[in-house]
Amino acid sequence: MRSFLDPSAQADVTSGQDSDQANPSRRMQGVSSAHFLKLIEERGATGFWTCDLMTGECTCSPGVSRIIGAETPQPFRMVDILERVHPEDRVLCEDLWPLTRSGVPVNRNFRIIRGDRTVRWIEFHSEVVLDAEQRPARAVGLLHDVTLQHEYRQTLDETLGRYRALVSSVATMEWRATASGEPIFSHGWTALTGQLESDVLRGSWVEAIHPEDRPAMVAAWEHAVATLTPYVINHRILQVNGEYDWFHSRAVPVLHKGGRSHEWLGMIVRHRDFGSPATHGGSNAGTLTAMQIRAARAMLQWTLEDLSRVSGVSVSSIRRIEAEGERATRANSLTAIRDAFEREGLAFSDGTAVSQRRRPPTRD
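Under UniProt numbering, the first residue of the sequence shown carries the number 1, and numbering increases by one thereafter.
This is how it looks when you write it as structure tokens:
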């Protein structure tokens, strides 16, 4: 059995160059196809084979022997490949030879166990050459070691898996947008709001944002897109159950080299999962401490019942908040209490500060 690339095989190929002399467009002076095959084979990841479909006689290049870990001097048989297929992949290879003999081109990826007991991923590709009567006469093909590509793919899959696990443990949903701010992907939005993916793509997702929060949200997003700065905002979203709840949204631009924006990557986190109460417009508008609530009531001379009547939060809830702080209630209750105080002219800042922006109305 002669290899594709042994001297006698090259002589056969060279002898066919006489016909090429008549066609200058096909002639490459002093170079045969064997030279190109040898150049490819010397990279160590590719091998070529051919097989007479009538007699079963096969010939292979040295690259095939290197890939499958076979002894080069022994005659090459197609079974030399099939017998080395990894047990878990054999079901993928049962029809390789029957398909090839019937004239069907084959392209498969599977693992083999080499002679030295190492495992490699290979790509098996075959084509069939027909005889003068249009019957399959000879199969030609290649083996390509794609182990490195599979390692890269596995590393990428594991990296994406870790990313997905991290995001799903924190975020209610994730989303992506183009450099110009147009949404191109959302994972979890339909389950959260009931809107379809097509609604998101045509911009109807804004309708799920509370009307009072839309202007600030749109302004923040337009500013982030225009300046390539992180987008951070808090707003209410209409959920599939028909109720609004507070969410924390943030996104960052993913940049190409040179600073050109490629896309935006963002997530939305439910505020009670985020670990802090809801806020308006990206500020700390919803956050109140127990000390601030008590101080604000004292400044307005409000009883628990007064605050309950104005804010809509029950007396028992207010009493519990003042005793235990923000951990004792839902974010919307703190927001309602803060709104009630702010309508009376009070202002709050981080920490325990409470100030009076205007004189409160005189109480009867």
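Where a beta carbon is used, it is the ideal one built from N, C-alpha and C, also for glycine.
Counting only residues of its own chain and dropping the five nearest sequence neighbours on each side, residue 323 has a CB closer than 8 Å to the CB of 290.
Annotated three-state conformation of residue 240 is coil, per DSSP. Residue environment: residue 112 is assigned as buried (16 or more neighbouring CB atoms within 10 Å of its CB, all protein chains considered). Residue 212 and residue 228 have their alpha carbons spaced roughly 25 Å apart. CA-CA distance, residue 78 to residue 130, rounds to 19 Å. Assignment of residue 142 by DSSP, reduced to helix, strand and coil, places it in the strand class. It is roughly 12 Å from the alpha-carbon of residue 246 to the alpha-carbon of residue 192.
Residue range 189-193 is occupied by the alpha helix (DSSP H) that includes residue 193, with no beta strand (DSSP E) assigned at that position. When only Cα atoms are considered, residue 203 and residue 341 end up about 36 Å apart. Annotation for residue 58: 1, 49, 50, 51, 52, 75, 76, 77, 78 place their beta carbon closer than 8 Å to its own, counting only its chain and skipping 5 residues before and after.
Note on geometry: alpha-carbon atoms of residue 332 and residue 187 lie some 25 Å from one another. DSSP places residue 47 inside the beta strand (DSSP E), whose first and last residues are 46-52.
The beta-carbon separation of residue 108 and residue 82, rounded to 11 Å, does not stay under the 8 Å limit for a contact. For residue 225, the enclosing alpha helix (DSSP H) covers residues 214-227. Residue range 78-82 is occupied by the alpha helix (DSSP H) that includes residue 81.
Between the C-alpha atoms of residue 355 and residue 334 there is a straight-line separation of about 18 Å. Note on residue 301: under 16 other CB atoms within 10 angstroms of its CB, so exposed under the neighbour-count rule. Taking 8 Å as the cut-off, the Cβ atoms of residue 265 and residue 176 count as close.
Burial state of residue 145 is buried, judged by a 10 Å Cβ sphere holding 16 or more other Cβ atoms. Residue range 290-300 is occupied by the alpha helix (DSSP H) that includes residue 298, with no beta strand (DSSP E) assigned at that position.
Linking residue 150 to residue 69 through their CA atoms gives a straight-line distance of about 19 Å. Per DSSP, residue 310 is one residue of the alpha helix (DSSP H) stretching across 304-311. For residue 323, the three-state secondary structure derived from DSSP is helix. Your pair residue 173 and residue 267 checks out as a contact, with CB atoms roughly 7 Å apart and the cut at 8 Å.
Separation of residue 94 and residue 161 (C-alpha to C-alpha, rounded to the nearest whole angstrom) is 32 Å. Counting the other CB atoms within 10 Å of its CB gives residue 271 a total of 16 or more, which places it among the buried residues. Straight-line spacing of the CA atoms in residue 343 and residue 156 works out to 53 Å.
Measuring C-alpha to C-alpha distances from residue 288 to each of 236, 336, 90, 139 identifies 336 as the nearest. When the Cα atoms are used, residue 126 and residue 239 turn out to be separated by approximately 54 Å.
Judged by DSSP secondary structure, residue 64 falls within the alpha helix (DSSP H) whose first and last residues are 62-68. Secondary structure note for residue 197: its alpha helix (DSSP H) is the uninterrupted segment 197-201. Per DSSP, residue 346 is one residue of the beta strand (DSSP E) stretching across 346-348. Separation of the CB atoms of residue 179 and residue 262 is rounded to 6 Å, and the pair is thereby assigned contact status at 8 Å.
Non-local C-beta neighbours of residue 250 in its own chain, meaning closer than 7 Å and more than five positions away in sequence, comprise 230, 231, 232, 266, 267, ordered along the chain. Under the DSSP assignment, residue 121 falls in the beta strand (DSSP E) whose first and last residues are 119-130.
No Cβ-Cβ contact shorter than 8 Å links residue 215 with residue 200.
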